[in-house]
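Chains as they are written, first to last, in our numbering: chain U, 208 to 310; chain X, 1125 to 1935.
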């Protein structure tokens, strides 16, 4: 089942940055990479629930501001020797509008 | 179609090259590896602890057979390559297996030298090189009594010690009069011999082996002087010879080893070679650290990122015999142009010898206490001028005014001793990670254990653990690259930014061939600082390359909320300011109000979205950002001075306010704290600040490089001045010099120790023109920097997206 919602215009998210979508249960961080790809993951680091939306975005990865874990935006998984995973949502851009699938 | 890379030799140097290559160019080659031994790749340098029964073979495996499968590397284990055909570009092994190559890597290592005396081929005469030799020795310990090791070098003594641990009677036969003469001078060699004799080892010094006797199996050794001894096993450990026959047969130029250039290519540019089999600039190497440096350069070139050059290595050695601490590095003998420093205490079994040339450390031998080995080695490799620390050099780093870590000796610590207090990591955890996971560098230990990855104060201890676990063979990079995205050091990058007029992070990455798409958090933050520091008129700030605290102008807390700390100039406040803070705390239901160490008031637990509103209220009461969140000027702490205090000599409070007005809103390599004390009683604790002023009757003492945090360091006295105007000038000049010279995230305390106090004194005190130049540059940069970031965001329309969510979805 898919449940697509519109998030906003691509321009509203800074390159190498993120914005937050609030839902009733949790927050989703929507990222825009240096090459204008978009990704959406649950805004919680698998380590100590740091807000990934506040991290530094590099390549298709984000580094959590609390303890420097690096999370893949594609898989939601912690990289390197760290282990853990956060939920990933499918995201796309059409005609400048960013949409994500809440599933 | 991918190119084919074939590697001959499945040892440490070769596999390190493959691993480095997979890290930077994972999909570039189809990789095939031939290995003689029927195993994966193991850590050969840890064979001694295996022999001594301190580790098992499983403990020392680096790449298991499964690793090759997981990484799509084809492994021919147990197949010896017999031919390289450079015309058809194929290699052939004993059993007829043929593989084509586009590039070939020869990493055949070395073989032990067997002295060709009569009887050298008898049963029971072996070398100490691989798992098979260890097995033979272990068998012998069960069935025989007496073993002899020929060769009193590093490897020979480790073998002798290992067999002695199993209860054998061991004699070491040595040709020279000093044990380990390639690593030890006569004095330390004697001390070593004494300790080993106390442990029960026998020695035959200056003894030349003439014949190995026995009928089928060895039973004894005859020496050139006619004497002889009985023995059941002979281990020859008299040196290694590069394995180069295969290369020679294929027509590659070889001398003492396979000759390679600085990019690790042989005379055939398709064929590379690394490890103990090569000869580079006339040298061959038998230790692991240089081999790893070669591996890095070779992988870089194979990945066509041809910027790294191997320029040779300084090596260090540590004997892996439990209970004996010995370290040596560089030129420890010296000549007519060198100076020596020696400390010797025969009763305690301590010996230290340092060799100096042109105010640089070029060699060291340590016996009995080796905890400073890593530091000396670092000094040797960095070529640091040691004139400033000369009087303390012999006593070690822990005598450089450091009352924090450093006094402990890691080898003597128990496994449950806590090393990293931030992450709760014990010595045992680190040792286990190093051996089980095959770690060699500080970075790897940080990634796997988190030890020293937070505040970094235990870095020295972790390096010592690496050293004592791996012996000599851990890696200390010569000039440390800024981060994994580049091979350039901080200095090289800053110089390029200045010389090539690079004004953005993107320009730097392009000009210096960054390896990653858009950097990593570490280099992004550094570069953002460096370009603005060099080009404050032109470079634009990149908020996405700032840590969240600096992007949001507030400190993120563990639960995602923020703190707000307004500026209180010189630690002074007023009833109106206090009222405004109280109003804000009530209005926004801020529960925690805390007094900071820098004489400020902090409000904790604020939602990010309301930050601009709070700032607006505080602005209205005349308060601005306190920059408590930034690598920036934090606070100027003062005492009340002669205004109130009966001991006060100058108006320290007013001076503190003036200093804060001059310096606020300046970005720095790291946080920066000032203090002004009104008299030498020093109530403002000025002597543990980055820049401290202590007022005296005749004027002002200026102090620099203090730190009250991780590692307590008292300041160095820079100079005395007579007027407030001079205080301002020296302070501004010092800050600007620090801003333009230090590495990003380097506080003044380690910076002063790294560059040396005299260099700072030269620039800021002795050279008036330089001082004025730096002071003016500081004031000029401050004209642009001194804007309240809170006001810009509360009412100026800057970065509204930072504080609001993009959407609230009712699902």
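Every residue gets a Cβ at the ideal spot worked out from N, C-alpha and C, and that includes glycine.
Closest to residue i by CA distance: which of the options is it?
{"i": "residue 1693/X", "options": "1650/X, 1761/X, 1550/X", "result": "1761/X"}
{"i": "residue 215/U", "options": "232/U, 208/U, 209/U, 236/U", "result": "236/U"}
{"i": "residue 220/U", "options": "234/U, 243/U, 211/U", "result": "243/U"}
{"i": "residue 1245/X", "options": "1155/X, 1357/X, 1616/X", "result": "1357/X"}
{"i": "residue 1099/X", "options": "1242/X, 1190/X, 1192/X, 1168/X", "result": "Summary: the structure shown does not reach residue 1099/X, with chain X confined to residues 1125 through 1935, and so no result is reported for it."}
{"i": "residue 1679/X", "options": "1637/X, 1248/X, 1758/X", "result": "1758/X"}
{"i": "residue 250/U", "options": "309/U, 293/U, 240/U", "result": "293/U"}
{"i": "residue 1330/X", "options": "1441/X, 1407/X, 1276/X, 1608/X", "result": "1276/X"}
{"i": "residue 1744/X", "options": "1808/X, 1912/X, 1391/X, 1675/X", "result": "1912/X"}
{"i": "residue 1792/X", "options": "1848/X, 1732/X, 1866/X", "result": "1866/X"}
{"i": "residue 1644/X", "options": "267/U, 291/U, 302/U", "result": "267/U"}
{"i": "residue 1789/X", "options": "1903/X, 1136/X, 1890/X, 1820/X", "result": "1903/X"}
{"i": "residue 1691/X", "options": "1720/X, 1325/X, 1546/X", "result": "1720/X"}
{"i": "residue 1495/X", "options": "1520/X, 1620/X, 1612/X", "result": "1520/X"}
{"i": "residue 1149/X", "options": "1129/X, 1346/X, 1165/X", "result": "1129/X"}
{"i": "residue 1877/X", "options": "1295/X, 1831/X, 1906/X, 1846/X", "result": "1831/X"}
{"i": "residue 1646/X", "options": "1577/X, 1695/X, 1689/X", "result": "1577/X"}
{"i": "residue 1551/X", "options": "1590/X, 1696/X, 1279/X", "result": "1590/X"}
In this structure, how does DSSP classify residue i when only helix, strand and coil are distinguished?
{"i": "residue 1183/X", "result": "helix"}
{"i": "residue 1467/X", "result": "strand"}
{"i": "residue 1489/X", "result": "strand"}
{"i": "residue 226/U", "result": "strand"}
{"i": "residue 1421/X", "result": "helix"}
{"i": "residue 1572/X", "result": "helix"}
{"i": "residue 1791/X", "result": "strand"}
{"i": "residue 1239/X", "result": "coil"}
{"i": "residue 1877/X", "result": "helix"}
{"i": "residue 1920/X", "result": "coil"}
{"i": "residue 1497/X", "result": "helix"}
{"i": "residue 290/U", "result": "coil"}
{"i": "residue 1261/X", "result": "helix"}
{"i": "residue 298/U", "result": "strand"}
{"i": "residue 273/U", "result": "coil"}
{"i": "residue 1829/X", "result": "coil"}
{"i": "residue 1803/X", "result": "coil"}
{"i": "residue 1372/X", "result": "helix"}
{"i": "residue 1546/X", "result": "coil"}
{"i": "residue 1129/X", "result": "strand"}
{"i": "residue 1416/X", "result": "helix"}
{"i": "residue 1701/X", "result": "helix"}
{"i": "residue 1379/X", "result": "coil"}
{"i": "residue 1858/X", "result": "helix"}
{"i": "residue 304/U", "result": "strand"}
Using DSSP bridges, identify the partner residues of residue i.
{"i": "residue 249/U", "result": "235/U"}
{"i": "residue 1360/X", "result": "1251/X, 1274/X"}
{"i": "residue 1687/X", "result": "1679/X, 1728/X"}
{"i": "residue 1718/X", "result": "1726/X"}
{"i": "residue 1936/X", "result": "Nothing about residue 1936/X can be read from this structure; chain X reaches only from 1125 to 1935."}
{"i": "residue 1843/X", "result": "1826/X"}
{"i": "residue 268/U", "result": "265/U, 279/U"}
At 9 Å on the CB atoms, spell out the chain A contacts of residue i, in chain order.
{"i": "residue 231/U", "result": "The chain labelled as chain A is not found among the protein chains of the depicted structure, namely U and X."}
Is residue i near the ligand ATP, going by C-beta to nearest heavy atom under 7 Å?
{"i": "residue 1861/X", "result": "The ligand ATP is absent from the structure shown, which contains no ligands of any kind."}
Contained alpha helix (DSSP H) runs [length at least 4] in the segment 1310–1351 of chain X, N- to C-terminal order
1310–1322
Discussion item. Using 8 Å as the cut-off, can you tell me whether the segment 1554–1566 of chain X makes contact with the segment 1510–1522 of chain X, which would need three or more C-beta pairs spanning the two stretches below that distance?
Written reply: no
**Study point:** Any 3 or more C-beta pairs closer than 8 Å across the segment 1370–1377 of chain X and the segment 1258–1273 of chain X
**Key:** no
At a cut of 8 Å, does the segment 1201–1215 of chain X reach the segment 1152–1165 of chain X through at least three beta carbon pairs?
yes
Next item on the list: Determine contact between the segment 1794–1807 of chain X and the segment 1835–1843 of chain X, defined as no fewer than three beta-carbon pairs at a distance below 8 Å.
Entry: no
Would the segment 1405–1421 of chain X count as touching the segment 1452–1461 of chain X if we require 3 or more Cβ pairs under 8 Å?
no
Suppose only complete runs of 4+ residues qualify. What are the alpha helix (DSSP H) ranges in the segment 1147–1224 of chain X, listed by chain order? 1171–1175, 1189–1194
Practice task
Please list the segments of the alpha helix (DSSP H) lying wholly inside the segment 1579–1664 of chain X, counting only runs of 4 or more residues, in order along the chain.
Solution key: 1583–1594, 1614–1623, 1629–1635, 1645–1658
Whole beta strand (DSSP E) runs in the segment 1748–1794 of chain X with 3 or more residues, listed along the chain?
1757–1762
- For the segment 1379–1390 of chain X and the segment 1432–1442 of chain X, state whether three or more C-beta atom pairs, one from each stretch, are separated by less than 8 Å. yes
Quick check: the segment 1564–1576 of chain X against the segment 1585–1595 of chain X, are there 3 or more CB pairs under 8 Å? yes
- [ ] Answer yes if the segment 1655–1667 of chain X comes into contact with the segment 1617–1635 of chain X, meaning at least three C-beta pairs across the two stretches below 8 Å, and no otherwise.
- [x] yes
Practice item. Mind the definition here: the segment 1915–1923 of chain X touches the segment 1725–1742 of chain X only if three or more C-beta pairs lie below 8 Å; say whether that holds. Key: yes
Is it the case that the segment 1340–1359 of chain X contacts the segment 1487–1503 of chain X, given that we only count it when at least three CB pairs across the two stretches are under 8 Å?
no
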